[in-house]
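*Asks:* In mature numbering (1 follows the signal peptide of the UniProt record, and there is no 0), the protein residues as written are -18 to -1, 1 to 316.
Don't be surprised by glycine CBs; every beta carbon is placed ideally from N, CA and C.
It should be emphasised that the depicted structure is a prediction, and the values quoted were computed from it without experimental measurement.
Handing you a structure now.
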Amino acid sequence: MATILFIMFMCGFIRSHASVALRSRSDFRVSGRVLYKLDLSWPKNPEHFSGQVFGVAVNHVAGLVYVAQRGDNIPKVLVFSTDGDFLQAWNTSTLEMPHGIFLANASADPTVWITDVGSGPYGHTIKQYSPSGKLLQVLGSPGKAGSSLSPLQFDQPAEIFIHSSGEIYIVDGDGGMNNRLIKLSRDLQVLWMHGEKGQGLAQFYIPHSVAVDSYQRVWVADRGNKRIQVFNSVTGDWLGSWGSCFKEDAPYSVRLTPDQKYMVVAQLNTNQVTLLEAPPVGIIGQCQVISTVQLAEDVKPHLVDLDLKTAALYVAEIGANQAQRFIPVTAAGV
């Protein structure tokens, strides 16, 4: 009897999981300007998704997409081509709970950086890997949550952004003791930091994502405060804040389209991917929603990345256990 009940449970789980995935790949709508449409052909091998998909990073030069996922006894990173072919999996034991993932230096010597929010012996760190998954460097104190800057200590670091100059921006953390934005030099020296928990200017509550634009501005998804804060990338000075666009749900991600015209934001609880007008150099102004992609219920988009060559948008979805690609409507022939 127990065996029969277990089989019935598993069948129901599989049907439910398949239902969410199938619905998420077809049920979406766009309000505002139609800038992107779902590419149903990507990836060609969705069966390789085997856990909660938390992050995605694109190498636009090599045509590769790295997908970070969580779960027991599963590969923590899947590698697909931008054409949708499954290429390889990283069965590394050096990752516990990947959160954010970033592809750095795509043109010359690409490496993949992953934040690890695990609480075990490898957690509370940021790791640098080769494109094939070889561990190259670890930032932080493995297994030790802390707030020190010398030596570097993190508590559930949420995301990292490596500028083309080699300078490093980190938001730390994803619900731990730290609520800070740190800028490091190429040789890992602290250049400036904002690190106070609160609702005031340059204060954070769960800073969750970070991106740098072409106008020396740093954009931070201040998730707990339901706003995006903006800083001067050179001096660290506070430049502005956007909150009016996030009354219903917090921003979970910040990425800019290659032409720097739009800010792409994932909103997990409302199952939306929103495109905001990115202001040119000068006054930040107020946030303006240009387009909203409403995904199916329980898809839960977490973090996003864009192909800097084609402007294709990749979305990591922890509810649907998958990553999806959206392509610009001009590329789609619409």
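Quick one, are the C-beta atoms of Pro283 and Leu250 less than 8 Å apart?
*Replies:* The residue given as residue 283 occupies position 301 in the sequence shown. The residue given as residue 250 occupies position 268 in the sequence shown. Yes, Cβ-Cβ distance for Pro283 and Leu250 is below 8 Å.
*Asks:* Does the separation of the CB atoms of Pro189 and Leu221 fall below 8 Å?
*Replies:* Residue numbering aside, residue 189 sits at position 207 when the sequence shown is read from its first letter. Residue numbering aside, residue 221 sits at position 239 when the sequence shown is read from its first letter. No, these two residues do not count as a Cβ contact at 8 Å.
*Asks:* With which residues is Gln306 paired in a DSSP beta bridge?
*Replies:* Taking the first residue of the sequence shown as position 1, residue 306 is located at position 324. Its beta-bridge partners are Val297.
*Asks:* Apply the 10 Å Cβ neighbour rule to Lys58 and answer buried if 16 or more other Cβ atoms are within range, or exposed otherwise.
*Replies:* Along the sequence shown, one-based indexing puts residue 58 at 76. Classification for Lys58: buried.
*Asks:* Grab me the residues of Lys291's own chain with a C-beta within less than 6 Å of its C-beta, minus the 5 sequence neighbours each way, in chain order.
*Replies:* By one-based count along the sequence shown, residue 291 stands at place 309. Closer than 6 Å at Cβ, skipping near neighbours: His42.
*Asks:* Got a sec, what are the start and stop residues for the beta strand (DSSP E) Ala44 sits in?
*Replies:* Position 62 of the sequence shown holds residue 44. Ala44 -> no beta strand (DSSP E), and no H or E assigned at all.
*Asks:* I'd like to know whether the C-beta atoms of Ser196 and Gln211 end up nearer to each other than 8 Å.
*Replies:* The residue given as residue 196 occupies position 214 in the sequence shown. The residue given as residue 211 occupies position 229 in the sequence shown. Not in contact: Ser196 and Gln211 (Cβ atoms no closer than 8 Å).
*Asks:* Taking CB distances under 8 Å as the criterion, tell me whether Asn55 reaches chain C.
*Replies:* You won't find chain C in this structure, because it holds only one protein chain.
*Asks:* What three-state label does DSSP hand His106 in the structure shown?
*Replies:* Sequence index remark: in the sequence shown, residue 106 carries index 124 (1-based). In the structure shown, His106 sits in coil (DSSP, three-state: anything other than H, G, I, E or B).
*Asks:* Tell me the rounded alpha-carbon separation between Val255 and Gly180.
*Replies:* Reading the sequence shown from its first residue, position 273 is the one you call residue 255. Reading the sequence shown from its first residue, position 198 is the one you call residue 180. Their backbone Cα atoms lie some 26 Å apart in a straight line.
*Asks:* Could you compute how far the alpha carbon of Leu69 sits from the alpha carbon of Phe62?
*Replies:* By one-based count along the sequence shown, residue 69 stands at place 87. By one-based count along the sequence shown, residue 62 stands at place 80. Leu69 and Phe62: Cα-Cα distance of roughly 5 Å.
*Asks:* For Gly206, does the three-state DSSP call read helix, strand or coil?
*Replies:* Here the question's residue 206 lines up with position 224 in the sequence shown. Here Gly206 sits in helix by DSSP.
*Asks:* Under 8 Å, do Leu85 and Ala39 count as touching if we go by C-beta distance?
*Replies:* Counting from 1 along the sequence shown, the entry for residue 85 is found at position 103. Counting from 1 along the sequence shown, the entry for residue 39 is found at position 57. Contact flag set, yes.
*Asks:* Count the other CB atoms within 10 Å of the CB of residue 319; is the residue buried (16 or more) or exposed (fewer)?
*Replies:* Not covered by the structure: residue 319. The range shown for the chain is -18 to 316.
*Asks:* How about the region 92 to 112 and the region 159 to 175: do they share at least three Cβ pairs that are nearer than 8 Å?
*Replies:* Because the criterion of three Cβ pairs below 8 Å is not met, the region 92 to 112 and the region 159 to 175 do not touch.
*Asks:* Would DSSP call Glu29 helix, strand or coil?
*Replies:* As a working note, residue 29 is residue 47 in the sequence shown. The answer is helix: DSSP assigns Glu29 an H, G or I state.
*Asks:* Do Val286 and Ser235 come within 8 Å of each other at the CB atom, strictly closer than that value?
*Replies:* Position 253 of the sequence shown holds residue 235. Position 304 of the sequence shown holds residue 286. Yes; because the gap between Cβ atoms is below 8 Å, this pair is in contact.
*Asks:* What is the DSSP secondary structure of Asn251, counted as helix, strand or coil?
*Replies:* Along the sequence shown, one-based indexing puts residue 251 at 269. Note: Asn251 maps to coil in three-state DSSP.
*Asks:* Run through DSSP, which three-state label would Thr274 get?
*Replies:* Within the sequence shown, the letter at position 292 stands for residue 274. Looking at Thr274 - three-state DSSP - the assignment turns out to be strand.
*Asks:* With DSSP collapsed to three states, give me the class of Asp98.
*Replies:* Counting from one through the sequence shown, the residue named residue 98 turns up at place 116. DSSP places Asp98 in strand when its eight states are reduced to three.
*Asks:* Under three-state DSSP, which class holds Pro262?
*Replies:* Within the sequence shown, numbered from 1, the residue matching residue 262 stands at position 280. Note: Pro262 maps to coil in three-state DSSP.
*Asks:* Would you tell me roughly how many angstroms separate the C-alpha atoms of Asn73 and Pro113, rounded to the nearest one?
*Replies:* Here residue 73 corresponds to residue number 91 of the sequence shown, with the count starting at 1. Here residue 113 corresponds to residue number 131 of the sequence shown, with the count starting at 1. The alpha-carbon atoms of Asn73 and Pro113 are separated by roughly 13 Å.
*Asks:* Mapping the DSSP letters down to three states, classify Ile56 as helix, strand or coil.
*Replies:* Translated into the one-based positions of the sequence shown, residue 56 becomes position 74. Three-state result, Ile56: coil.
*Asks:* For a quick check, are the C-beta atoms of Gly148 and Phe136 less than 8 Å apart?
*Replies:* Taking the sequence shown and counting its residues from 1, the one referred to as residue 148 is at position 166. Taking the sequence shown and counting its residues from 1, the one referred to as residue 136 is at position 154. Not closer than 8 Å, so no.
*Asks:* Using the rule of at least 16 other Cβ atoms within 10 Å of the residue's Cβ for burial, across every protein chain shown, is Gly33 buried or exposed?
*Replies:* Start at 1 with the first residue of the sequence shown, and residue 33 comes out as number 51. Looking at its Cβ environment, which holds 16 or more other Cβ atoms inside 10 Å, Gly33 is buried.
*Asks:* Could you say if the region 14 to 28 and the region 75 to 85 meet the contact criterion of at least three C-beta pairs nearer than 8 Å?
*Replies:* At 8 Å Cβ cutoff, the stretches do not touch.
*Asks:* From Phe186 to Ile152, what distance separates their C-alpha atoms?
*Replies:* Looking up residue 186 in the sequence shown gives position 204. Looking up residue 152 in the sequence shown gives position 170. Straight-line Cα distance between these residues: approximately 13 Å.
*Asks:* Helix or strand or just coil, what does DSSP make of Ile188?
*Replies:* By one-based count along the sequence shown, residue 188 stands at place 206. Of the three classes helix, strand and coil, the one that applies to Ile188 here is coil, per DSSP.
*Asks:* Can the beta-carbon of Pro310 be found less than 8 Å from the beta-carbon of Leu17?
*Replies:* To locate residue 310, count along the sequence shown from 1; it is residue 328. To locate residue 17, count along the sequence shown from 1; it is residue 35. For Pro310 and Leu17, yes; Cβs fall inside 8 Å.
*Asks:* To the nearest angstrom, report how far apart Ala294 and Lys243 are at their CA atoms.
*Replies:* Taking the first residue of the sequence shown as 1, we reach residue 294 at position 312. Taking the first residue of the sequence shown as 1, we reach residue 243 at position 261. Cα-Cα distance, rounded: 14 Å.
*Asks:* Would you check if the distance between the CB atom of Val200 and the CB atom of Cys227 is smaller than 8 Å?
*Replies:* Reading the sequence shown from its first residue, position 218 is the one you call residue 200. Reading the sequence shown from its first residue, position 245 is the one you call residue 227. Not a contact, by the Cβ cut-off of 8 Å.
*Asks:* Which residues in the same chain as Thr252 place their Cβ atom closer than 7 Å to its Cβ, once the five residues preceding and following it in sequence are excluded?
*Replies:* Within the sequence shown, the letter at position 270 stands for residue 252. Within the same chain, Thr252 has close Cβ partners Glu230 and Asp231.
*Asks:* Quick check: what's the CA-CA separation for Gln268 versus Ile56?
*Replies:* The count along the sequence shown starts at 1 and reaches residue 268 at position 286. The count along the sequence shown starts at 1 and reaches residue 56 at position 74. Approximately 43 Å, taken between the alpha carbons.
*Asks:* What does a CB cutoff of less than 7 Å around Ser215 pick up in its chain, not counting 5 residues either side in sequence?
*Replies:* Position 233 of the sequence shown, counted from the first residue, corresponds to residue 215. Same-chain partners within the cutoff: Val194, Gln198, Arg199 and Val200.
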